[in-house]
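K.L.:
Here the sequence shown stands for residues 15 to 154, numbered as in the working numbering.
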Amino acid sequence: MSFSETISPLLGRLALSWFYGAGAYNIVNNWTQLSHQLAAKHVPLPPLVLVVAFVLIVMGVYSLLVGYHTRHGAVLLFGMTIVATVVLHDYWHIADAAARRAEFEIFSRDVAICGGLLLLIGMGCGRFGWDNRPPPKKVR
15 MSFSETISPL LGRLALSWFY GAGAYNIVNN WTQLSHQLAA KHVPLPPLVL VVAFVLIVMG
75 VYSLLVGYHT RHGAVLLFGM TIVATVVLHD YWHIADAAAR RAEFEIFSRD VAICGGLLLL
135 IGMGCGRFGW DNRPPPKKVR
């Protein structure tokens with residue numbers, strides 16, 4: 015098997031896990047600020063939204079990190095990321111050109127990350143993941 019079939023899916027899963035893990039860490043450490051940002055975007059019940067986002071991120075990160083139900087974890091993260099991207103980074107409503115450009119860059123980054131998650135959904139975890147472990151040997 016080539017590098018692209020063995021190591022790159024593992025490295026991709028680790029990179030995405032790191033990205034989302036940093037997001038979960040940010041939720042915990044900037045709870046009040048994030049609650050205010052969600053309220054400013056007219057998101058109902060910001061603390062509940064943050065709790066749900068944190069739980070989904072932790073489940074998704076675990077899934078990607080160890081390659082256990084990778085496709086399900088990627089679907090969780092994909093759905094959450096698409097919703098958050100459209101709601102929080104609505105660059106089309108910003109009048110200031112510099113602020114619009116900055117939000118567009120964040121929007122574009124999140125769409126690209128969703129593309130990586132779609133690859134995981136389609137291809138699975140790769141060789142090095144719990145999903146692809148050898149079947150248990152039968153004892154006679």
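C-beta atoms are modelled at their ideal positions from N, C-alpha and C, and glycine is treated no differently. Predicted model only: the values in this text are computed from it and were never measured.
Find the nearest neighbour of Val125 within the set His103, Cys139, Gly74 and Val42, judged by alpha-carbon distance.
P.N.:
Nearest option by C-alpha distance: His103.
K.L.:
Just to confirm my understanding: we take Val80, look at its own chain, exclude 5 residues before and 5 after, and list those with CB closer than 8 angstroms. What are they?
P.N.:
If we look at Val80 and ignore the five residues flanking it on each side, its Cβ neighbours are Gly143 and Trp144.
K.L.:
Could you tell me the alpha carbon to alpha carbon distance between Ser49 and Gly37, rounded to whole angstroms?
P.N.:
Spanning the two alpha carbons is a distance of roughly 14 angstroms.
K.L.:
Out of Leu131, Cys128 and Val101, state which residue places its alpha-carbon closest to the alpha-carbon of Glu117.
P.N.:
Answer by Cα proximity: Val101.
K.L.:
Counting along the chain, where does the alpha helix (DSSP H) carrying His86 start and finish?
P.N.:
Note, His86: alpha helix (DSSP H), Thr84 to Leu102.
K.L.:
Given 8 angstroms as the limit, is there contact between the stretch 27–43 and the stretch 64–75, that is, 3 or more CB pairs closer than that?
P.N.:
Judged by Cβ distances under 8 angstroms, the stretch 27–43 makes contact with the stretch 64–75, as three or more pairs qualify.
K.L.:
Compute the Euclidean distance between the alpha carbons of Leu64 and Phe17, then round it to the nearest angstrom.
P.N.:
Each residue's alpha carbon lies about 38 angstroms from the other.
K.L.:
Please state the DSSP three-state secondary structure of Ile127.
P.N.:
Three-state DSSP puts Ile127 in a helix.
K.L.:
Quick check: Ile41 and Arg85, are their CB atoms within less than 8 angstroms of each other?
P.N.:
The answer is no: Cβ separation not under 8 angstroms.
K.L.:
Given a cut-off of 8 angstroms, decide if Arg141 and Thr20 are closer than it, judged by their beta-carbon atoms.
P.N.:
Against a cut-off of 8 angstroms, the Cβ pair of Arg141 and Thr20 comes out as a contact.
K.L.:
Three-state secondary structure (DSSP) at Pro149?
P.N.:
Note: Pro149 maps to coil in three-state DSSP.
K.L.:
Could you give the first and the last residue of the continuous alpha helix (DSSP H) run that contains Arg27?
P.N.:
First-last of the alpha helix (DSSP H) with Arg27: Phe17 to Asn43.
K.L.:
Do you know how far the Cα of Ala98 is from the Cα of Leu24?
P.N.:
Looking at the two C-alpha atoms, the distance is approximately 26 angstroms.
K.L.:
State buried or exposed for Thr95, treating a residue as buried only when at least 16 other CB atoms are found within 10 Å of its CB.
P.N.:
Buried.
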